[in-house]
Amino acid sequence: MPSETPQAEERSAGCPHLSGAHLGKGSLEKEPPGDKEVLWIRPDAPSRCSWQLGRPATSSPHRHTALEKSPKILPDILKKIGDTPMVRINKIGRNFGLKCELLAKCEFFNAGGSVKDRISLRMIEDAEREGTLKPGDTIIEPTSGNTGRLDMLVASAGTGGTITGIARKLKEKCPGCKIIGVDPEGSILAEPEELNQTEQTAYEVEGIGYDFIPTVLDRTVVDTWFKSNDEDAFAFARMLIAQEGLLCGGSAGSAMSVAVKAAQELREEQRCVVILPDSVRNYMSKFLSDKWMLQKGFMKEEDLLVKKPWWWHLRVQELSLSAPLTVLPTVTCEHTIDILREKGFDQAPVVDESGVVLGMVTLGNMLSSLLAGKVQPSDQVRKVIYKQFKQIHLTDPLGKLSHILEMDHFALVVHEQIQYHSHGESSKRQMVFGVVTAIDLLNFVAARERNQKTNSGSGGAGAAAQL
461 MPSETPQAEE
471 RSAGCPHLSG
481 AHLGKGSLEK
491 EPPGDKEVLW
501 IRPDAPSRCS
511 WQLGRPATSS
521 PHRHTALEKS
531 PKILPDILKK
541 IGDTPMVRIN
551 KIGRNFGLKC
561 ELLAKCEFFN
571 AGGSVKDRIS
581 LRMIEDAERE
591 GTLKPGDTII
601 EPTSGNTGRL
611 DMLVASAGTG
621 GTITGIARKL
631 KEKCPGCKII
641 GVDPEGSILA
651 EPEELNQTEQ
661 TAYEVEGIGY
671 DFIPTVLDRT
681 VVDTWFKSND
691 EDAFAFARML
701 IAQEGLLCGG
711 SAGSAMSVAV
721 KAAQELREEQ
731 RCVVILPDSV
741 RNYMSKFLSD
751 KWMLQKGFMK
761 EEDLLVKKPW
771 WWHLRVQELS
781 LSAPLTVLPT
791 VTCEHTIDIL
801 REKGFDQAPV
811 VDESGVVLGM
821 VTLGNMLSSL
831 LAGKVQPSDQ
841 VRKVIYKQFK
851 QIHLTDPLGK
861 LSHILEMDHF
871 ALVVHEQIQY
881 HSHGESSKRQ
891 MVFGVVTAID
901 LLNFVAARER
911 NQKTNSGSGG
921 AGAAAQL
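For the sequence shown, counting from 1, position 187 maps to 647 in my numbering; every step adds exactly one.
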(Lines of atoms letter the chains of each structure in order from A and count residues from 1; the text may use other names and numbers.)
(Lines give C-alpha, C1' and ligand atoms only; values in the text may rest on other atoms or scores of the structure.)
Protein backbone atom coordinates (compact mmCIF):
# COMPACT_ATOMS: atom_id res chain seq x y z
CA MET A 1 0.00 0.00 0.00
CA PRO A 2 1.53 3.36 -0.96
CA SER A 3 2.45 5.69 1.88
CA GLU A 4 0.94 9.13 2.39
CA THR A 5 2.60 12.01 0.60
CA PRO A 6 4.13 14.92 2.59
CA GLN A 7 1.43 17.21 1.15
CA ALA A 8 -1.32 14.97 2.47
CA GLU A 9 0.36 14.71 5.90
CA GLU A 10 0.55 18.49 6.08
CA ARG A 11 -3.05 18.79 4.97
CA SER A 12 -4.34 16.40 7.67
CA ALA A 13 -2.15 17.53 10.57
CA GLY A 14 -4.93 19.38 12.38
CA CYS A 15 -7.58 16.65 12.32
CA PRO A 16 -7.33 13.43 14.34
CA HIS A 17 -9.71 11.72 11.92
CA LEU A 18 -7.28 12.31 9.05
CA SER A 19 -3.98 11.72 10.81
CA GLY A 20 -1.82 9.24 8.94
CA ALA A 21 -1.23 7.21 12.11
CA HIS A 22 -4.73 5.75 12.16
CA LEU A 23 -4.89 4.77 8.52
CA GLY A 24 -4.52 1.03 8.68
CA LYS A 25 -3.94 -1.41 5.88
CA GLY A 26 -6.42 -0.87 3.11
CA SER A 27 -7.53 2.52 4.39
CA LEU A 28 -5.54 4.74 2.03
CA GLU A 29 -5.60 4.33 -1.72
CA LYS A 30 -4.23 6.26 -4.68
CA GLU A 31 -6.09 6.98 -7.84
CA PRO A 32 -4.37 6.12 -11.15
CA PRO A 33 -1.49 8.51 -11.90
CA GLY A 34 -2.36 11.61 -13.89
CA ASP A 35 -1.82 15.32 -13.85
CA LYS A 36 -2.67 15.38 -10.15
CA GLU A 37 -2.25 12.68 -7.53
CA VAL A 38 -5.44 12.04 -5.58
CA LEU A 39 -5.51 10.28 -2.21
CA TRP A 40 -8.71 8.63 -1.07
CA ILE A 41 -9.29 7.88 2.61
CA ARG A 42 -11.67 5.00 3.19
CA PRO A 43 -14.94 6.07 4.86
CA ASP A 44 -14.88 2.97 7.09
CA ALA A 45 -11.31 3.39 8.43
CA PRO A 46 -10.90 3.17 12.24
CA SER A 47 -11.50 6.50 13.96
CA ARG A 48 -8.67 8.27 15.80
CA CYS A 49 -10.82 10.99 17.34
CA SER A 50 -9.48 11.58 20.87
CA TRP A 51 -12.81 12.75 22.35
CA GLN A 52 -13.69 11.11 25.65
CA LEU A 53 -16.67 11.62 27.90
CA GLY A 54 -15.72 13.51 31.06
CA ARG A 55 -12.70 15.36 29.69
CA PRO A 56 -12.69 19.16 30.13
CA ALA A 57 -13.53 21.32 27.12
CA THR A 58 -9.97 22.64 27.07
CA SER A 59 -8.69 19.19 26.05
CA SER A 60 -11.38 18.57 23.42
CA PRO A 61 -10.07 17.91 19.88
CA HIS A 62 -12.87 20.10 18.53
CA ARG A 63 -13.09 23.87 18.46
CA HIS A 64 -15.75 25.44 20.70
CA THR A 65 -17.49 28.70 19.82
CA ALA A 66 -19.99 30.67 21.88
CA LEU A 67 -23.56 30.84 20.59
CA GLU A 68 -24.43 34.36 19.47
CA LYS A 69 -27.90 35.84 19.45
CA SER A 70 -29.22 36.14 15.90
CA PRO A 71 -29.68 39.75 14.71
CA LYS A 72 -32.88 40.97 13.09
CA ILE A 73 -31.08 41.49 9.78
CA LEU A 74 -28.61 38.75 8.85
CA PRO A 75 -25.30 39.80 7.25
CA ASP A 76 -25.43 36.77 4.90
CA ILE A 77 -27.32 33.50 4.43
CA LEU A 78 -24.69 31.54 6.39
CA LYS A 79 -26.05 33.11 9.58
CA LYS A 80 -29.29 31.23 8.97
CA ILE A 81 -27.55 27.94 9.75
CA GLY A 82 -28.26 26.61 13.24
CA ASP A 83 -30.63 27.88 15.91
CA THR A 84 -33.42 25.83 14.31
CA PRO A 85 -36.82 25.75 16.02
CA MET A 86 -38.02 23.12 18.47
CA VAL A 87 -41.68 22.35 17.79
CA ARG A 88 -44.12 20.50 20.05
CA ILE A 89 -45.72 17.44 18.44
CA ASN A 90 -49.36 17.63 19.51
CA LYS A 91 -51.45 14.99 17.74
CA ILE A 92 -49.10 12.10 16.93
CA GLY A 93 -47.83 11.62 20.48
CA ARG A 94 -51.37 11.72 21.87
CA ASN A 95 -52.69 9.32 19.22
CA PHE A 96 -50.01 6.77 20.13
CA GLY A 97 -50.59 7.07 23.87
CA LEU A 98 -47.39 8.87 24.87
CA LYS A 99 -47.36 10.41 28.34
CA CYS A 100 -44.20 12.45 27.85
CA GLU A 101 -43.74 15.72 26.00
CA LEU A 102 -42.77 15.03 22.38
CA LEU A 103 -40.74 17.68 20.53
CA ALA A 104 -39.28 17.88 17.03
CA LYS A 105 -36.00 19.60 16.22
CA CYS A 106 -36.70 20.97 12.73
CA GLU A 107 -33.34 20.94 10.98
CA PHE A 108 -34.93 21.65 7.61
CA PHE A 109 -35.16 25.30 8.71
CA ASN A 110 -31.43 25.64 8.06
CA ALA A 111 -30.54 27.77 5.03
CA GLY A 112 -29.74 24.73 2.89
CA GLY A 113 -32.71 22.76 4.18
CA SER A 114 -30.82 20.04 6.03
CA VAL A 115 -29.04 19.13 9.25
CA LYS A 116 -25.93 18.76 7.08
CA ASP A 117 -25.68 22.55 6.78
CA ARG A 118 -24.26 22.76 10.30
CA ILE A 119 -21.19 20.62 9.75
CA SER A 120 -20.65 21.83 6.19
CA LEU A 121 -20.19 25.39 7.45
CA ARG A 122 -18.17 24.30 10.48
CA MET A 123 -15.76 22.20 8.45
CA ILE A 124 -15.08 24.96 5.94
CA GLU A 125 -14.57 27.59 8.64
CA ASP A 126 -12.19 25.36 10.61
CA ALA A 127 -10.25 24.38 7.50
CA GLU A 128 -9.90 27.99 6.39
CA ARG A 129 -8.85 29.04 9.89
CA GLU A 130 -6.14 26.36 10.00
CA GLY A 131 -5.02 26.99 6.43
CA THR A 132 -5.68 23.42 5.34
CA LEU A 133 -8.27 24.30 2.70
CA LYS A 134 -7.12 25.50 -0.69
CA PRO A 135 -8.62 25.71 -4.20
CA GLY A 136 -9.29 22.27 -5.66
CA ASP A 137 -9.75 20.52 -2.31
CA THR A 138 -12.92 18.55 -1.58
CA ILE A 139 -14.54 18.35 1.85
CA ILE A 140 -16.92 15.52 2.79
CA GLU A 141 -19.38 16.11 5.64
CA PRO A 142 -18.87 13.72 8.57
CA THR A 143 -20.45 15.06 11.80
CA SER A 144 -22.74 17.51 13.57
CA GLY A 145 -23.79 18.66 17.06
CA ASN A 146 -26.59 20.14 19.12
CA THR A 147 -27.58 20.70 22.75
CA GLY A 148 -30.69 20.72 24.90
CA ARG A 149 -32.37 19.69 28.17
CA LEU A 150 -34.22 16.43 27.68
CA ASP A 151 -34.67 12.82 28.76
CA MET A 152 -34.56 11.03 25.41
CA LEU A 153 -33.23 11.87 21.96
CA VAL A 154 -34.20 9.94 18.83
CA ALA A 155 -32.08 10.36 15.69
CA SER A 156 -31.54 8.33 12.54
CA ALA A 157 -28.03 7.40 11.43
CA GLY A 158 -26.43 7.66 8.00
CA THR A 159 -22.74 8.53 7.88
CA GLY A 160 -23.19 8.80 11.65
CA GLY A 161 -22.00 12.35 12.10
CA THR A 162 -25.28 13.84 13.28
CA ILE A 163 -26.09 11.25 15.94
CA THR A 164 -22.44 11.06 17.07
CA GLY A 165 -22.04 14.82 17.50
CA ILE A 166 -25.38 15.34 19.23
CA ALA A 167 -25.03 12.28 21.47
CA ARG A 168 -21.53 13.21 22.64
CA LYS A 169 -22.59 16.70 23.63
CA LEU A 170 -25.72 15.44 25.36
CA LYS A 171 -23.67 12.88 27.29
CA GLU A 172 -21.61 15.83 28.58
CA LYS A 173 -24.50 18.17 29.35
CA CYS A 174 -27.36 15.74 30.10
CA PRO A 175 -25.78 12.49 31.35
CA GLY A 176 -29.19 10.96 32.06
CA CYS A 177 -30.49 11.48 28.53
CA LYS A 178 -31.11 8.24 26.66
CA ILE A 179 -29.86 8.21 23.06
CA ILE A 180 -31.97 6.19 20.61
CA GLY A 181 -30.44 5.34 17.24
CA VAL A 182 -32.63 4.60 14.20
CA ASP A 183 -31.34 2.33 11.45
CA PRO A 184 -33.43 1.16 8.46
CA GLU A 185 -33.97 -2.52 7.74
CA GLY A 186 -31.33 -3.54 5.20
CA SER A 187 -28.61 -1.44 6.86
CA ILE A 188 -26.00 -2.78 9.31
CA LEU A 189 -25.37 0.20 11.63
CA ALA A 190 -27.46 -1.02 14.58
CA GLU A 191 -26.19 -2.95 17.57
CA PRO A 192 -26.37 -5.75 18.64
CA GLU A 193 -25.64 -7.39 15.30
CA GLU A 194 -28.73 -9.62 15.63
CA LEU A 195 -30.90 -6.58 14.84
CA ASN A 196 -29.39 -6.40 11.35
CA GLN A 197 -30.18 -9.96 10.35
CA THR A 198 -32.69 -9.75 7.51
CA GLU A 199 -33.08 -10.88 3.92
CA GLN A 200 -33.86 -7.29 2.91
CA THR A 201 -30.93 -5.52 1.25
CA ALA A 202 -32.56 -2.40 -0.21
CA TYR A 203 -34.82 0.33 1.15
CA GLU A 204 -36.54 3.41 -0.23
CA VAL A 205 -35.83 5.86 2.61
CA GLU A 206 -32.91 8.08 1.61
CA GLY A 207 -30.03 9.57 3.58
CA ILE A 208 -29.84 6.99 6.38
CA GLY A 209 -28.33 3.54 6.77
CA TYR A 210 -25.20 1.99 5.26
CA ASP A 211 -23.77 -1.38 4.35
CA PHE A 212 -20.54 -0.58 6.23
CA ILE A 213 -19.69 1.17 9.51
CA PRO A 214 -18.58 4.77 8.73
CA THR A 215 -15.47 6.07 10.46
CA VAL A 216 -17.26 8.95 12.17
CA LEU A 217 -20.06 6.84 13.67
CA ASP A 218 -19.41 6.40 17.40
CA ARG A 219 -21.83 3.67 18.39
CA THR A 220 -20.64 3.71 22.02
CA VAL A 221 -22.71 6.87 22.69
CA VAL A 222 -25.95 5.28 21.46
CA ASP A 223 -27.84 3.59 24.29
CA THR A 224 -30.39 1.64 22.23
CA TRP A 225 -30.88 0.96 18.54
CA PHE A 226 -34.21 0.45 16.80
CA LYS A 227 -34.77 -0.76 13.25
CA SER A 228 -37.21 1.16 11.03
CA ASN A 229 -38.98 0.11 7.83
CA ASP A 230 -40.09 1.96 4.73
CA GLU A 231 -43.81 1.53 5.27
CA ASP A 232 -43.75 3.07 8.76
CA ALA A 233 -41.25 5.76 7.73
CA PHE A 234 -43.39 7.13 4.91
CA ALA A 235 -46.63 6.74 6.87
CA PHE A 236 -45.20 8.85 9.72
CA ALA A 237 -43.67 11.39 7.32
CA ARG A 238 -47.12 11.88 5.79
CA MET A 239 -48.60 12.11 9.30
CA LEU A 240 -46.13 14.83 10.27
CA ILE A 241 -47.16 16.79 7.19
CA ALA A 242 -50.91 16.26 7.50
CA GLN A 243 -51.34 16.39 11.29
CA GLU A 244 -48.49 18.60 12.50
CA GLY A 245 -47.84 20.81 9.47
CA LEU A 246 -44.14 19.86 9.33
CA LEU A 247 -42.96 19.45 5.73
CA CYS A 248 -40.29 16.86 6.43
CA GLY A 249 -38.68 13.99 4.51
CA GLY A 250 -38.76 10.22 4.82
CA SER A 251 -35.87 9.92 7.27
CA ALA A 252 -37.81 12.19 9.64
CA GLY A 253 -40.66 9.71 9.39
CA SER A 254 -38.25 6.89 10.30
CA ALA A 255 -37.18 8.71 13.44
CA MET A 256 -40.74 9.56 14.46
CA SER A 257 -41.95 5.99 13.88
CA VAL A 258 -39.32 4.80 16.37
CA ALA A 259 -39.91 7.67 18.81
CA VAL A 260 -43.54 6.69 19.45
CA LYS A 261 -42.27 3.23 20.45
CA ALA A 262 -39.19 4.20 22.46
CA ALA A 263 -40.90 7.04 24.35
CA GLN A 264 -43.59 4.74 25.74
CA GLU A 265 -41.35 4.27 28.80
CA LEU A 266 -41.19 8.01 29.63
CA ARG A 267 -43.37 9.66 32.27
CA GLU A 268 -45.56 12.75 31.94
CA GLU A 269 -42.94 15.18 33.23
CA GLN A 270 -40.27 13.85 30.88
CA ARG A 271 -39.36 15.04 27.39
CA CYS A 272 -38.35 13.34 24.14
CA VAL A 273 -36.82 15.19 21.19
CA VAL A 274 -36.83 13.76 17.67
CA ILE A 275 -34.40 15.04 15.03
CA LEU A 276 -36.13 15.82 11.73
CA PRO A 277 -33.12 16.02 9.35
CA ASP A 278 -34.51 17.56 6.18
CA SER A 279 -37.57 18.79 4.34
CA VAL A 280 -39.84 17.18 1.78
CA ARG A 281 -38.50 19.30 -1.10
CA ASN A 282 -36.32 16.47 -2.48
CA TYR A 283 -39.07 13.85 -2.35
CA MET A 284 -42.02 15.60 -4.03
CA SER A 285 -42.45 12.85 -6.63
CA LYS A 286 -42.07 10.02 -4.12
CA PHE A 287 -43.89 9.42 -0.85
CA LEU A 288 -46.06 12.52 -1.25
CA SER A 289 -47.64 10.83 -4.26
CA ASP A 290 -50.44 8.35 -3.57
CA LYS A 291 -49.65 6.63 -6.86
CA TRP A 292 -46.01 6.14 -5.86
CA MET A 293 -47.07 4.76 -2.47
CA LEU A 294 -49.47 2.35 -4.18
CA GLN A 295 -46.89 1.19 -6.71
CA LYS A 296 -44.36 0.50 -3.95
CA GLY A 297 -46.93 -1.36 -1.86
CA PHE A 298 -46.92 1.13 1.03
CA MET A 299 -50.62 1.93 0.57
CA LYS A 300 -53.70 -0.05 -0.44
CA GLU A 301 -56.50 1.01 -2.73
CA GLU A 302 -58.95 1.07 0.15
CA ASP A 303 -56.77 3.70 1.86
CA LEU A 304 -57.86 6.19 -0.82
CA LEU A 305 -61.42 7.40 -0.47
CA VAL A 306 -61.82 8.04 -4.19
CA LYS A 307 -64.53 6.53 -6.37
CA LYS A 308 -62.97 4.10 -8.83
CA PRO A 309 -64.19 3.23 -12.34
CA TRP A 310 -66.23 0.05 -12.88
CA TRP A 311 -63.25 -1.91 -14.21
CA TRP A 312 -60.82 -0.98 -11.40
CA HIS A 313 -61.14 -4.19 -9.38
CA LEU A 314 -61.38 -6.61 -12.30
CA ARG A 315 -58.40 -8.89 -12.68
CA VAL A 316 -55.73 -8.76 -15.37
CA GLN A 317 -56.87 -12.18 -16.59
CA GLU A 318 -60.01 -10.46 -17.95
CA LEU A 319 -57.89 -8.95 -20.72
CA SER A 320 -57.71 -10.82 -24.00
CA LEU A 321 -53.95 -11.00 -24.27
CA SER A 322 -52.35 -12.66 -27.26
CA ALA A 323 -49.65 -15.28 -26.86
CA PRO A 324 -46.35 -13.58 -26.02
CA LEU A 325 -43.59 -13.20 -28.54
CA THR A 326 -40.31 -14.13 -26.83
CA VAL A 327 -36.73 -14.30 -28.04
CA LEU A 328 -33.74 -16.27 -26.84
CA PRO A 329 -30.66 -14.34 -25.63
CA THR A 330 -28.61 -15.84 -28.47
CA VAL A 331 -30.68 -14.22 -31.23
CA THR A 332 -28.88 -11.34 -32.94
CA CYS A 333 -30.00 -7.74 -32.59
CA GLU A 334 -30.57 -7.49 -36.36
CA HIS A 335 -32.81 -10.56 -36.39
CA THR A 336 -34.72 -9.37 -33.30
CA ILE A 337 -35.46 -6.00 -34.91
CA ASP A 338 -36.75 -7.74 -38.02
CA ILE A 339 -39.01 -9.99 -35.91
CA LEU A 340 -40.46 -7.08 -33.91
CA ARG A 341 -41.15 -5.06 -37.06
CA GLU A 342 -42.71 -8.00 -38.85
CA LYS A 343 -44.99 -8.89 -35.95
CA GLY A 344 -45.81 -5.28 -35.07
CA PHE A 345 -44.42 -5.32 -31.54
CA ASP A 346 -42.32 -2.68 -29.80
CA GLN A 347 -40.89 -4.97 -27.13
CA ALA A 348 -40.42 -8.63 -26.29
CA PRO A 349 -39.37 -10.67 -23.26
CA VAL A 350 -36.02 -12.42 -23.44
CA VAL A 351 -36.21 -15.93 -21.97
CA ASP A 352 -33.85 -18.87 -21.64
CA GLU A 353 -34.44 -22.34 -23.12
CA SER A 354 -36.69 -23.31 -20.18
CA GLY A 355 -38.84 -20.18 -20.49
CA VAL A 356 -37.52 -18.31 -17.45
CA VAL A 357 -37.58 -14.53 -17.88
CA LEU A 358 -34.13 -12.95 -18.26
CA GLY A 359 -35.22 -9.42 -19.11
CA MET A 360 -36.82 -7.25 -21.76
CA VAL A 361 -35.69 -5.85 -25.07
CA THR A 362 -37.37 -2.96 -26.86
CA LEU A 363 -37.15 -1.74 -30.41
CA GLY A 364 -36.21 1.78 -29.30
CA ASN A 365 -33.46 0.57 -26.97
CA MET A 366 -31.88 -1.62 -29.64
CA LEU A 367 -31.98 1.09 -32.29
CA SER A 368 -30.42 3.69 -29.98
CA SER A 369 -27.69 1.24 -28.93
CA LEU A 370 -26.92 0.44 -32.58
CA LEU A 371 -26.84 4.10 -33.61
CA ALA A 372 -24.57 4.95 -30.66
CA GLY A 373 -22.17 2.16 -31.61
CA LYS A 374 -22.63 0.33 -28.31
CA VAL A 375 -23.56 -2.89 -30.12
CA GLN A 376 -23.29 -4.28 -33.63
CA PRO A 377 -26.18 -5.79 -35.64
CA SER A 378 -24.50 -9.19 -35.36
CA ASP A 379 -24.23 -9.02 -31.55
CA GLN A 380 -26.51 -11.21 -29.49
CA VAL A 381 -29.56 -9.54 -28.01
CA ARG A 382 -28.36 -10.41 -24.50
CA LYS A 383 -26.16 -7.28 -24.74
CA VAL A 384 -29.17 -4.95 -24.81
CA ILE A 385 -31.34 -6.69 -22.21
CA TYR A 386 -32.56 -4.48 -19.39
CA LYS A 387 -34.34 -5.49 -16.20
CA GLN A 388 -35.91 -2.20 -15.12
CA PHE A 389 -39.46 -3.11 -15.98
CA LYS A 390 -42.67 -3.72 -14.06
CA GLN A 391 -44.24 -7.13 -13.60
CA ILE A 392 -47.86 -7.95 -12.88
CA HIS A 393 -49.76 -11.18 -12.18
CA LEU A 394 -52.98 -12.45 -13.71
CA THR A 395 -54.76 -12.12 -10.37
CA ASP A 396 -53.74 -8.48 -9.86
CA PRO A 397 -56.47 -5.83 -10.31
CA LEU A 398 -56.62 -3.67 -13.42
CA GLY A 399 -56.32 -0.65 -11.11
CA LYS A 400 -52.78 -1.72 -10.26
CA LEU A 401 -52.03 -2.17 -13.95
CA SER A 402 -53.41 1.31 -14.63
CA HIS A 403 -50.96 2.84 -12.14
CA ILE A 404 -48.06 1.01 -13.79
CA LEU A 405 -49.03 2.11 -17.29
CA GLU A 406 -49.18 5.75 -16.21
CA MET A 407 -45.40 5.58 -15.69
CA ASP A 408 -44.29 2.78 -18.03
CA HIS A 409 -45.06 1.86 -21.63
CA PHE A 410 -45.79 -1.78 -20.81
CA ALA A 411 -45.92 -4.39 -18.06
CA LEU A 412 -44.82 -8.01 -18.23
CA VAL A 413 -47.58 -10.41 -17.18
CA VAL A 414 -45.99 -13.34 -15.35
CA HIS A 415 -47.14 -16.34 -13.39
CA GLU A 416 -45.19 -18.49 -10.98
CA GLN A 417 -44.53 -22.14 -11.71
CA ILE A 418 -43.53 -24.59 -8.99
CA GLN A 419 -40.98 -27.15 -10.18
CA TYR A 420 -40.30 -30.29 -8.14
CA HIS A 421 -36.90 -31.95 -8.18
CA SER A 422 -35.84 -35.56 -7.77
CA HIS A 423 -35.02 -35.29 -4.03
CA GLY A 424 -38.37 -33.86 -3.03
CA GLU A 425 -37.16 -30.26 -3.23
CA SER A 426 -39.09 -27.61 -5.12
CA SER A 427 -38.36 -24.19 -6.58
CA LYS A 428 -40.40 -21.35 -8.04
CA ARG A 429 -39.87 -19.95 -11.51
CA GLN A 430 -41.47 -16.95 -13.17
CA MET A 431 -42.86 -17.69 -16.62
CA VAL A 432 -44.10 -15.18 -19.19
CA PHE A 433 -47.83 -15.08 -19.85
CA GLY A 434 -47.91 -11.94 -21.97
CA VAL A 435 -46.99 -8.29 -22.42
CA VAL A 436 -49.71 -5.73 -21.72
CA THR A 437 -49.71 -2.10 -22.89
CA ALA A 438 -51.98 0.88 -22.39
CA ILE A 439 -53.74 0.16 -25.70
CA ASP A 440 -54.71 -3.31 -24.43
CA LEU A 441 -56.35 -1.79 -21.37
CA LEU A 442 -58.06 0.95 -23.39
CA ASN A 443 -59.39 -1.55 -25.95
CA PHE A 444 -60.80 -3.73 -23.17
CA VAL A 445 -62.57 -0.81 -21.45
CA ALA A 446 -63.90 0.62 -24.73
CA ALA A 447 -65.18 -2.77 -25.94
CA ARG A 448 -66.99 -3.48 -22.66
CA GLU A 449 -68.64 -0.05 -22.65
CA ARG A 450 -69.73 -0.43 -26.29
CA ASN A 451 -71.29 -3.79 -25.47
CA GLN A 452 -73.11 -2.32 -22.47
CA LYS A 453 -74.53 0.52 -24.59
CA THR A 454 -75.58 -1.90 -27.32
CA ASN A 455 -77.27 -4.22 -24.84
CA SER A 456 -79.07 -1.38 -23.07
CA GLY A 457 -80.19 0.03 -26.43
CA SER A 458 -81.51 -3.36 -27.56
CA GLY A 459 -83.36 -3.79 -24.30
CA GLY A 460 -85.02 -0.36 -24.66
CA ALA A 461 -86.16 -1.06 -28.22
CA GLY A 462 -87.64 -4.40 -27.21
CA ALA A 463 -89.59 -2.84 -24.36
CA ALA A 464 -91.03 -0.17 -26.69
CA ALA A 465 -92.16 -2.83 -29.20
CA GLN A 466 -93.95 -4.77 -26.47
CA LEU A 467 -95.83 -1.67 -25.41
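We put the beta carbon where it would ideally sit given N, CA and C, even for glycine.
- Around the Cβ of Asp690, a 10 Å sphere holds 16 or more other Cβ atoms; the residue is buried.
- Comparing alpha carbon positions, the residue from Lys721, Val873, Lys576, His881 closest to Gly894 is Val873.
- For Cys793, the enclosing alpha helix (DSSP H) has its first and last residue at 793–803.
- Note that the C-beta distance between Gly710 and Tyr743 is below 8 Å.
- The shortest C-alpha to C-alpha distance from Glu561 to any of Gln512, Ala650, Arg727 is the one to Arg727.
- Sequence-distant partners of Asp678 (beyond 5 residues in either direction) whose C-beta falls short of 6 Å from its own C-beta, in its chain, are Thr624.
- Classified as buried, Leu800 has 16 or more neighbouring CB atoms from the shown chains inside 10 Å of its CB.
- Note on geometry: alpha-carbon atoms of Lys540 and Glu590 lie some 24 Å from one another.
- Where Gln879 is concerned, the enclosing beta strand (DSSP E) starts and stops at 870–880.
- Secondary structure at Val821: strand, using DSSP grouped into helix, strand and coil.
- With respect to Val835, Val821 sits apart: the two C-beta atoms are not nearer than 8 Å.
- With contacts defined as CB atoms closer than 8 Å, Val720 and Leu613 fail to qualify as a contacting pair.
- Straight-line measurement puts the Cα of Arg698 at about 8 Å from the Cα of Gly713.
- When rounded, the separation of the alpha-carbon atoms in His863 and Gln755 is 7 Å.
- In this structure, the alpha-carbon of Ile552 lies about 19 Å from that of Met759.
- Counting the other CB atoms within 10 Å of its CB gives Val816 a total below 16, which places it among the exposed residues.
- Scanning its chain for C-beta atoms nearer than 6 Å, with the 5 sequence neighbours on each side dropped, one finds around Gly618 the residues Gly667, Ile668, in chain order.
- A distance below 6 Å between beta-carbons, with the five flanking residues on each side excluded, links Leu785 to the following residues of its chain, in chain order: Lys803, Phe805, Ala808.
- For Arg515, there is no enclosing beta strand (DSSP E), as DSSP gives it neither H nor E.
- Ser886 and Ser814 have their alpha carbons spaced roughly 16 Å apart.
- Taking 8 Å as the cut-off, the beta carbon of Pro737 is found no closer than this to the beta carbon of Pro503.
- By alpha-carbon distance to Asp536, the top candidate from Leu513, Leu581, Thr518 is Leu581.
- Here Asp738 is bridged, per DSSP, to Ser574.
- For Asp750, the enclosing alpha helix (DSSP H) stretches over residues 750–755.
- When DSSP states are grouped into helix, strand and coil, Lys843 belongs to the helix group.
- Remark: C-beta atoms of Gly573 and Ser749 do not approach each other more closely than 8 Å.
- In terms of Cα proximity to Lys888, the closest of Glu876, Val896, Phe686, Thr598 is Glu876.
- Counting of Cβ neighbours within 10 angstroms places Phe672 among the exposed residues, the total staying below 16.
- At least 8 Å separates the beta-carbon of His795 from that of Gly859.
- A residue is called buried once 16 or more other Cβ atoms fall within 10 Å of its Cβ, and Ser745, having fewer, is exposed.
- The beta carbons of Ile735 and Val682 sit about 13 Å from each other, so the pair does not count as a contact at 8 Å.
- Residue pairing from DSSP places Asp643 in a beta bridge opposite Lys687.
- Boundaries of the beta strand (DSSP E) harbouring Leu563: 561–566, taken from the DSSP string.
- Taking all protein chains shown into account, Ala871 has 16 or more neighbouring C-beta atoms within 10 Å of its C-beta and is therefore buried.
- Sequence-distant partners of Phe904 (beyond 5 residues in either direction) whose C-beta falls short of 6 Å from its own C-beta, in its chain, are Leu779.
- Under the three-state reduction of DSSP, Ile668 is assigned to coil, being neither helix nor strand.
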